[in-house]
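A short worksheet on the structure shown next.
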Amino acid sequence: MKKYTLEDVKKIVKERDSWWTVLVIDPFATRATLFLANNTRVSPNVITAVSLLLSVLSSFLFFKGLLWQGALIYELSFLFDCIDGKLAQLTGRSSLKGIWLDMFADKVRLILNTLALALYSGKAMLALLFVSLYLWQQIEGLFYLSTGAVGEKRYEDVMEGKRLICKIREYFRRKRLILLPDLVEQDTFAFFIGPLLKDINLGFLVAILLNLLKRTVNFYKFFIAGNAGDN
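Numbering (our numbering) for the sequence shown: 2 to 232.
Following this line, the structure appears as structure tokens:
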């Protein structure tokens with residue numbers, strides 16, 4: 002069995018990722034990936050299945066009102082979710098089946114845990130708004146993948162002359178951080194920080210505000226790119 006190093010794992014992590022993933026989760030996920038790759042034959046799909054089972058358990062705990070226990074299990078589920086893709090890439094076992102299984106597990110984790118917190122807290126409308134905005138952001142992401150490359154290039158060209166903005170963006174690139182909090186941070190507030198503080202409303206509200214901030218910035222970027230294309 003080939004022996005991998007931590008540097009091998011770091012080479013396959015995303016070039017830029019969410020703040021919570023890079024600063025909190027990845028230091029554990031990369032080392033766990035290294036251990037699994039060097040000492041076991043466990044497949045990435047098994048790791049995904051474990052993540053899915055943990056997310057079901059966290060939703061059950063939330064439903065029962067065991068908030069901090071559910072929050073910790075939820076975060077453990079997310080840790081495994083960050084390991085499966087790294088393990089697949091590191092060991093050359095990436096597959097379309099694995100990608101779809103990972104996407105399925107992500108959606109199940111979102112829906113079950115939102116539903117559980119909504120039923121426990123009685124805040125169904127707030128939870129529904131959170132899920133709707135969350136799914137809208139993912140749909141918007143698919144739209145961006147199919148049409149956004151040209152727009153992003155135009156936006157980059159416009160921003161190139163703004164020295165301060167360029168410095169900020171370059172700093173975030175060096176740190177592997179995307180510029181704004183994203184879906185992962187929304188999850189973190191809704192399913193980890195909110196439950197830990199025993200304030201479900203606060204978790205959902207902060208997650209919704211982060212989503213709206215992201216939507217506003219993306220709209221601004223497309224607006225700038227569109228104007229640049231018309232000139």
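Built from N, CA and C at the ideal position, the CB exists for glycine as well.
Note on L68: 16 or more other CB atoms within 10 angstroms of its CB, so buried under the neighbour-count rule. Residue pairing by DSSP places L178 opposite D18 in a beta bridge.
Annotation for G195: I201, L203, G204 and F205 place their beta carbon closer than 7 Å to its own, counting only its chain and skipping 5 residues before and after. Across the set E76, F61 and K3, the C-alpha of E76 shows the shortest separation from the C-alpha of S52.
CA-CA distance, E8 to I74, rounds to 29 Å. The continuous alpha helix (DSSP H) containing D103 extends over residues L97 to S122.
Contact between L88 and T34 holds: CB atoms are separated by about 5 Å, below the 8 Å threshold.
Using a 10 angstroms sphere on the CB of I84, the tally of other CB atoms reaches 16 or more, which defines it as buried. Bounds of the alpha helix (DSSP H) holding V57 are P45 to F64. Taking a cut-off of 8 Å for Cβ pairs, the stretch 182–194 and the stretch 108–120 touch, as three or more such pairs fall below it. In the structure shown, G93 falls within a coil segment according to DSSP collapsed to helix, strand and coil.
By a beta-carbon distance limit of 8 Å, K215 contacts D183. Their separation comes to about 6 Å. If you draw a straight line from the Cα of V207 to the Cα of E186, it comes to about 9 Å.
Distance from the Cα of R175 is smallest, within the candidate group L62, A72, R17 and M104, for R17.
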